[in-house]
Amino acid sequence: MPNTRSAKKQLRASLRKAERNKAVKSRIKTEVKKFLEYIEAKDLNSAKSQISLVCSLLDKAAKKNIIHDNTASRKKSRLMKRLSLLESQMLTAQA
C-alpha cells in the first residue's frame with residue numbers, strides 16, 4: 003500500500019488509466035473476433051469494411067501507448083494476411 007500522498011494519488015490515477023485501457027483492449031478484441039467470423043463465413047465485403055475499423059482501433063491504441071506500436075503492426079499484418087488469403091481463394095473459386 004502506498005504511504006505518501008503522492009503515491010496514493012498515483013495509485014488512483016493508475017487505476018483509472020488501467021480501466022480505460024481495459025475498455026479499449028476489450029473493444030479491439032471484440033472487433034477482431036467479428037472480423038474473424040466474417041473470414042470464416044467467407045463474407046469478403048463485410049471483412050473488408052471490418053478490417054478498416056480494426057486497423058483504425060489498433061492505430062489509435064498504439065498512438066495512446068495502450069499497446070506497443072509493434073504489437074499493433076503485427077496484429078494488422080496477420081489480419082491483412084488472412085484477408086488476402088480469403089480474396090485469393092474467392093478469385094480462384096470464380097475462375
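Residue numbers for the sequence shown follow the numbering used here, so the first one is 3 and each next one is one higher. Backbone N, C-alpha and C define an ideal beta-carbon position, used for all residues, glycine too. Values in this document were obtained by computation on a predicted structure and should not be read as measured data.
Nonlocal neighbours in the same chain, by C-beta distance under 8 Å from residue i, ignoring five residues either side
i	result
I53	F37, L81, M82 and L85
Straight-line Cα distance separating residue j from residue i
i	j	result
S79	A97	27 Å
S58	P4	37 Å
A42	T6	One detail in the question is off: residue 42 reads as Glu in this sequence, not Ala. Answer to the nearest angstrom: the Cα atoms are 53 Å apart.
T94	A20	46 Å
L88	K50	11 Å
R76	L60	10 Å
Exposure of residue i, with buried meaning 16 or more beta-carbon neighbours within 10 Å
i	result
A9	exposed
A15	exposed
L13	exposed
Chain-order list of residues whose beta-carbon lies under 6 Å from that of residue i (same chain, five-residue window excluded)
i	result
I68	N23 and V26
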